[in-house]
Amino acid sequence: MSFFAAQNIIKNYANHRALDDVSIDIPEGAIYGLLGPNGAGKTSLIRIITQITGPDSGKLFFKGVPLIPSDMNRIGYLPEERGLYKKMKVGEQAVYLARLKGINKNDAIKRLKTWFEKFEIEAWWDKKVEELSKGMAQKVQFITTVLHEPEMLIFDEPFSGFDPINVELLKKEILDLRQKGTTIIFSTHNMASVEEICSHIALINKSRKIIEGPINEIREKYANDTYQLSFRYAPDFKPEQFTGEEFEILSQKTEGNRQDIILQRIKPCNTNTLLSRFLPHIDILSYQKVIPGMNDIFIKLVKNQ
Amino acid sequence: MNKTFIIISREFSTRVRKKSFLVVTIFVPILFILFYAFLMWLMLKDDTQERKIAVVNASTLERPLETINNTKFEYTTQPITEENAADFLKNKDYYAVMWIPANVMDSAEIPIYSFSQVTMELKNTISSQLRKKIENIKKSAVIAASQIPDLEEKLDATRTPVIVRTLMITETGQAKESSSEIASIIGVAAGFIIYFFIFIYAAQVMKGVIEEKTNRIIEVLVSSVKPFQFLLGKIIGVASVGLVQFLIWIVLIGGSVMALQAAFLPDIDLEALRNSTNLAAMAQTQELGAEELAVIQSIVKTIEPKFILTFLGAFLFYFIGGYLLYASLFAAIGAAVDNETDSQQFMTPLSIILAIGVYIGFTAMKSPESPLVFWSSLIPFTSPTVMLVRIPFGVPAWQIITSMALLIGAFIFFTWLSGKIYRTGILMYGKKVTWKELYKWLKY
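Line by line, the protein sequences are chains A and B.
1 is the number of the first residue of the first sequence in the UniProt record's numbering; add one for each residue after it.
1 is the number of the first residue of the second sequence in the UniProt record's numbering; add one for each residue after it.
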C-alpha cells in the first residue's frame, strides 16, 4: 500500500525548474532512499513533502488522503543544515520544538527524559546549545526530530557530522524506528549506507526522477548477466577452453592459490551447463551472480543522462 | 492558534529573561527619576549662601541696594580700581565688588568683579532694583514739574492687565480652556516614545529573524508551523515584551514622580484649582505665587480625565499599529539578508521615513493645520508620530478614523507582502539580495 505519494510535482524557481513532473511512491514501512547529485532537486522535493513550500502543480497524498497542513505533526524532518537556538537551554528548546509538533508540555518532558537517558546525555538538559560540540548538538537535534513519534521521518544526510560510533548508534535507532512501523525517507550521497539500510530508492537527476523501486530489484535490473567463479588455482588449467560459445571471460586474476574469473553470458544457457564443464577439472570455491553496487548504478545513470 | 501562542510565549520568555532586558527596564526609570529629582532640586534649592558685596557708589543715589535674599551690600569709600580689585577681594571677605558710576541715571554700565561667576538671578535682581529706583526718581521729578494733581494715581490707572486665555470649542459647542503648548509637548513626547519603540523592537524582530536564518533552525520550525503563523507569533511576542517593559516604566516612573512631588511640592487641591477663577485669592492660602499657580492651572485644565482617556487610547493604537507595520517590514528585511550588515541598504529608507515622521511631528507643534502635517497624519508610515501631536489641537473625528483605518489596512497589506518575502527569504542562502530580487519573490 502506498504510504505517501507525490504525483507529477512541478516546482519552478525564478530562473530554473527545480522539479519536473516528479512522482514518487513510498510504501508503508519502507526506508526510502532519495538519491541524486547535488542540485538535482532532492531538497526541493523534501521541502514540498514537509509542506515548507508548495508545488506549482502536482498532488500529494498521505495514506491515500490529500496532504493537509495539520499533517505536519505526523512528519518528522531532520534537515541537512542543522541548527538550534544557540542561547537557549537544551531541555527547554527540545520541549519548545516538541510543543510546536503538537505534544503537550508534560508528555514532551517525559519522552525527552527517556531519550536523554538512552543517549546518555541527561547532564546536558540545562546547558546552552552553544556549550555543546557539533556532534552533541546533532544528537539533540535527532531526538527533537523523532520525539513526537511521527508516522513518517525524513532525514537529509543524517550521518554527516557524526563520528563512526555515533553513526552506528544512529543507524541502530533508525532501524529501530522502522521496526516500530515508521516509514523513513532518507536522502544521502553515501551509497554504502544506502545499500545497508534502504529498502527502496528513487534517483533524481537534473530535476527529473530517473528510477524508483525496491533496491534489490534495481540492482538486479542493472546486473549485466555476469558471474564470478572462484576456484583453487591449478597451473595447467585454462578456463577459456571450457566456456563454450555461451560465455565469455571478461577478466581473471590469481591471488595465492585462488583464481577468480568474471564471466559474461552472451547466449542463453543454463548456468549448470557451464558449471558441469568446469566441475571435473577444478576445485570450485564459489559461484555467484555479480550484483552491481549502488555506487556504480548511481554513477552510470547520472553520467548516461 | 495554539501553536501561535507557544511561539509568542517563547519569544516573550527568552527575551524577558535576558540580562539586558532587566538592566534596561530598571535603569531607564532610575535615570529618569534621577534626572527629574535633579531638576526639582535645582528649582527648589534655596540660595542659602551668605554673600557680601562691596559697593563703590559714585552716584547721587543713596544706598540704592540693601539686601537681596542672602546677599548684603556694604558701601565703601575705599579707592578700589580694576587693578587692585583682586587684592581687595582676597584680603577682605567680599564675594564681589561693584561700582555704581556717577552717570548711572543716564543708562550706564555697572561693572561687578568677582572670582566666581555671578549668578544670573543676582545679576537680574540688581539691575531691576536699580532700574526701579531710577524710574521712581525720574517719575517724581516729572510729576512735580507737570503740576497735575494725582498724576501718579492716574498713570497707575492706565495700566491694564491683559491675559490671553486659550479656549477650545468642541463640536457640541462647549468651550473648554486648554493649553495647547502643554498638550502638544505631551504629543511630541508620545510621538518620540513611539518612534523609539518601533525602532528598538522592530529591529529586535529583524535580529531574531536573521538569527533563525543563520542558525538554520528556521527550516525545522517551518516544518512544524506555517511561516506566516511563525512570523506573526514572533511579532506579537516581541511586542508584548515591549508593552510589558513600557508598563513597568510607567508604573515605576509615575509612582516615583508622584512620591517626589508629594515630598517636595506643597499640597495643592487640584480639583479646586481647576475650577478656580481667582488665583490671587488662592495664592494667599498657598506657598506658591499666583503666576506659578497659573501655570499649574493650565496644565491641570488641559490634562483633564476625558483628554487623558482619548489621548491614551490614541497613543496605544498608534503605538501598536505603528510597531506592527514596521515590524513586519523589518522581518522581511531580516529574511532577505544573510547577516545584519547586509540589512543596512533596506533599512535606510525605512529609518528615513520614520525620522521624517518625527520631524513633521515637531513642526505640527507650531502649525498643526498645515497640509504637510495633515497628510502625514493620515499616511500610515508617518501617522503614528504625527497624529498624536495634532490630537491636542483638536482633530475632526473623520480624520482620526481615516488615519486609523489606513494604518490597519497598511498593516494587513504589508504584513501579507512581507510574509511572501519572508517565506522565500528564510530558505535562501548565500545570495546577495537586490530590490529586483525581492520583487521576484513576491510572485513566487
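Cβ atoms here follow ideal geometry from the backbone N, Cα and C, with glycine treated the same way.
From a predicted model like this one, the values you see are computed outputs, not experimental measurements.
Length of the line joining the Cα atoms of residue i and residue j
{"i": "Phe5(B)", "j": "Gly36(A)", "result": "39 Å"}
{"i": "Ile197(A)", "j": "Ile299(A)", "result": "20 Å"}
{"i": "Glu246(A)", "j": "Thr226(A)", "result": "12 Å"}
{"i": "Gln147(B)", "j": "Phe307(B)", "result": "58 Å"}
{"i": "Glu152(B)", "j": "Val142(B)", "result": "10 Å"}
{"i": "Asp20(A)", "j": "Val65(A)", "result": "23 Å"}
{"i": "Ile356(B)", "j": "Asn205(A)", "result": "53 Å"}
{"i": "Val56(B)", "j": "Val251(B)", "result": "57 Å"}
{"i": "Gly256(A)", "j": "Leu285(A)", "result": "14 Å"}
{"i": "Leu271(A)", "j": "Pro214(A)", "result": "The residue asked about is misnamed: residue 271(A) is Thr in this sequence, not Leu. Spanning the two alpha carbons is a distance of roughly 26 Å."}
{"i": "Ala98(A)", "j": "Lys3(B)", "result": "11 Å"}
{"i": "Gly293(A)", "j": "Glu195(A)", "result": "8 Å"}
{"i": "Ala234(A)", "j": "Thr243(A)", "result": "17 Å"}
{"i": "Pro161(B)", "j": "Thr76(B)", "result": "41 Å"}
{"i": "Thr402(B)", "j": "Asp56(A)", "result": "39 Å"}
{"i": "Lys420(B)", "j": "Leu407(B)", "result": "20 Å"}
{"i": "residue 473(B)", "j": "Ala336(B)", "result": "Lying before the first or after the last residue shown, residue 473(B) is absent from chain B, which here runs from 1 to 444."}
{"i": "Asp126(A)", "j": "Glu120(A)", "result": "14 Å"}
{"i": "Glu83(B)", "j": "Leu65(B)", "result": "24 Å"}
{"i": "Ala410(B)", "j": "Glu212(B)", "result": "26 Å"}
{"i": "Ser184(B)", "j": "Phe362(B)", "result": "9 Å"}
{"i": "Asn166(A)", "j": "Lys105(A)", "result": "28 Å"}
{"i": "Ile218(A)", "j": "Leu301(A)", "result": "12 Å"}
Local Cβ density within 10 Å of residue i, reported as buried at 16 or more and exposed below that
{"i": "His16(A)", "result": "exposed"}
{"i": "Arg10(B)", "result": "buried"}
{"i": "Pro35(B)", "result": "The displayed chain sequence assigns Phe, not Pro, to residue 35(B). Per the 10 Å Cβ criterion, exposed."}
{"i": "Trp375(B)", "result": "exposed"}
{"i": "Ile249(A)", "result": "exposed"}
{"i": "Met365(B)", "result": "buried"}
{"i": "Tyr429(B)", "result": "exposed"}
{"i": "Val146(A)", "result": "buried"}
{"i": "Val11(A)", "result": "Residue 11(A) is actually Lys in this sequence, not Val. Flag for Lys11(A) reads buried."}
{"i": "Ala157(B)", "result": "exposed"}
{"i": "Ser223(B)", "result": "buried"}
{"i": "Thr341(B)", "result": "exposed"}
{"i": "Ala145(B)", "result": "exposed"}
{"i": "Arg47(A)", "result": "buried"}
{"i": "Phe346(B)", "result": "buried"}
{"i": "Lys118(A)", "result": "exposed"}
{"i": "Ser418(B)", "result": "buried"}
{"i": "Gly242(B)", "result": "buried"}
Contacting residues, own chain, Cβ-Cβ under 8 Å from residue i (five flanking each side not counted)
{"i": "Ile351(B)", "result": "Here the sequence assigns Ser to residue 351(B), which means Ile is not the residue at that position. Result list for Ser351(B): Phe199, in chain order."}
{"i": "Ala239(B)", "result": "Tyr201, Ile320, Tyr323, Leu324 and Ala327"}
{"i": "Ser260(B)", "result": "What sits at residue 260(B) in the sequence shown is Leu, not Ser. Once the five neighbours on either side are set aside, the close Cβ partners of Leu260(B) are Ile33, Tyr36, Ala37 and Met40."}
{"i": "residue 306(A)", "result": "The question about residue 306(A) has no answer here: the residues shown for chain A are numbered 1 through 305."}
Residue i: contacting residues in chain A (beta-carbon distance under 8 Å)
{"i": "Asn215(B)", "result": "Gly83, Leu84, Tyr85 and Lys86"}
Proximal residues of chain A, C-beta to C-beta of residue i below 9 Å
{"i": "Leu221(B)", "result": "Leu97 and Leu100"}
6 Å Cβ shell around residue i - same chain, five flanking residues per side excluded
{"i": "Pro368(B)", "result": "Arg390 and Phe393"}
{"i": "Gly254(B)", "result": "none"}
{"i": "Ala190(B)", "result": "Phe315 and Leu388"}
{"i": "Ile143(A)", "result": "Trp115"}
{"i": "Gly33(A)", "result": "Phe186, Val194, Cys198 and Ile201"}
Contact list for residue i against chain B, beta-carbon separation under 7 Å
{"i": "Met72(A)", "result": "Ser223 and Ser224"}
{"i": "Pro69(A)", "result": "Lys226"}
Cβ shell of residue i (< 7 Å), same chain only, five flanking positions each side left out
{"i": "Ile109(A)", "result": "Val95"}
{"i": "residue 445(B)", "result": "Given a span of 1 to 444 for chain B in the structure shown, any question on residue 445(B) remains unanswerable."}
{"i": "Gln228(A)", "result": "Asp260, Ile262, Gln288 and Val290"}
{"i": "Phe230(B)", "result": "Ile7, Leu221 and Val222"}
Beta-carbon neighbours of residue i, restricted to chain A and to distances below 7 Å
{"i": "Lys207(B)", "result": "In chain order: nothing, as chain A lies at least about 12 Å away."}
{"i": "Lys440(B)", "result": "Ala14"}
{"i": "Lys3(B)", "result": "Leu100"}
Cross-chain neighbours of residue i in chain B, by beta carbon under 9 Å
{"i": "Pro79(A)", "result": "Arg216, Glu219, Val220 and Ser223"}
>> So if I threshold CB-CB distances at 9 Å, which residues from the stretch 95 to 112 of chain A count as touching chain B?
In response: Cβ contacts with chain B come from Tyr96, Leu97, Arg99, Leu100, Lys101 and Gly102.
> Along the stretch 167 to 185 of chain A, what residues have a CB closer than 9 Å to any CB found in chain B?
Replying inline: Shown here is that no member of the stretch 167 to 185 of chain A has a Cβ falling below 9 Å from a Cβ of chain B.
> Can you list, in chain order, the residues of the stretch 5 to 19 of chain B whose Cβ is nearer than 8 Å to any Cβ on chain A?
Replying inline: Ile6, Ile7, Arg10 and Thr14
> Any residues in the stretch 39 to 62 of chain A with a beta carbon nearer than 8 Å to a beta carbon of chain B? Which ones, in chain order?
Replying inline: Only Arg47, Thr50, Gln51, Ile52 and Thr53 from the stretch 39 to 62 of chain A bring a Cβ to less than 8 Å from some Cβ of chain B.
> Taking Cβ-Cβ distances below 7 Å as the criterion, which residues of the stretch 9 to 25 of chain A are in contact with chain E?
Replying inline: The question asks about chain E, but that chain is absent: this structure's protein chains are A and B.
>> So if I threshold CB-CB distances at 9 Å, which residues from the stretch 406 to 435 of chain B count as touching chain A?
In response: Arg423, Thr424, Leu427 and Tyr429
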